[in-house]
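Below is one structure; the comments refer to it alone.
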Amino acid sequence: MNQTLTNIGLLLVRIFTGVIFIVHGSQKFQGLDGTSGFFQSIGLPGWLAPVVATVELVGGIALVLGIGTRLAGAALTIVMIGVLLTAKKGQPFGSIEFDLLVLFASLQQALVGARFLSLDQLFSRKKHESSNVQV
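For the sequence shown, the numbering used here gives the first residue as 1239, with consecutive numbering after it.
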């Protein structure tokens, strides 16, 4: 397969997944009292709401920028597993298909990382170049 097309595909998934989390994290912060109440209604502690909102917002920004991509992907994967085991528990497939898609897009980021047009790539390249400098 053409490596350029693969890189573009991974880039689009990374950025769009990041945008989804930025939007959802921002919404949680805008209605933090309601989010906390919802968390409590499904048996989670209310203090977890700002934690999840922060992970979603910061993780989403990290994915868009391509920095700390594997760590952000892992954290967001954990959030999505939590969503499926709590808020979406027992719901039919038609109600969780979007959540599953976002879960696996996050997992992809954790496993593959940012390869193309990312700060991870830029810093890795600079680190590699500086380690090859002859003294």
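No residue lacks a Cβ here, since even glycine has one placed at the ideal position from N, Cα and C.
Legend entry - Spatial neighbours of Ala1313 in its chain, beta-carbon cut-off 7 Å, leaving aside the 5 residues before and after: By 1-based counting over the sequence shown, the position of residue 1313 is 75. For Ala1313, where only same-chain residues beyond five positions count, the Cβ hits under 7 Å are Val1293 and Gly1297.
Inset, instruction - Express the C-alpha separation of Leu1322 and Ser1279 in angstroms, rounding to a whole number. - result: Indexing the sequence shown from 1 puts residue 1279 at position 41. Indexing the sequence shown from 1 puts residue 1322 at position 84. Taking the straight line from one Cα to the other gives about 15 Å.
Inset, instruction - Give me the Cα-Cα distance between Ser1356 and Ile1260, rounded to the nearest whole angstrom. - result: Residue mapping note: residue 1356 aligns to position 118 of the sequence shown, counting from 1. Residue mapping note: residue 1260 aligns to position 22 of the sequence shown, counting from 1. Roughly 17 Å separates the two Cα atoms.
Inset, instruction - Output the distance between the C-alpha atoms of Gly1247 and Ile1334, rounded to the nearest integer angstrom. - result: Walking along the sequence shown from the start, residue 1247 turns up at place 9. Walking along the sequence shown from the start, residue 1334 turns up at place 96. Whole-angstrom Cα-Cα distance: 24 Å.
Legend entry - Delimiting residues of the alpha helix (DSSP H) encompassing Phe1331: To locate residue 1331, count along the sequence shown from 1; it is residue 93. Looking at the DSSP string, the run of the alpha helix (DSSP H) that includes Phe1331 is Phe1331 to Val1350.
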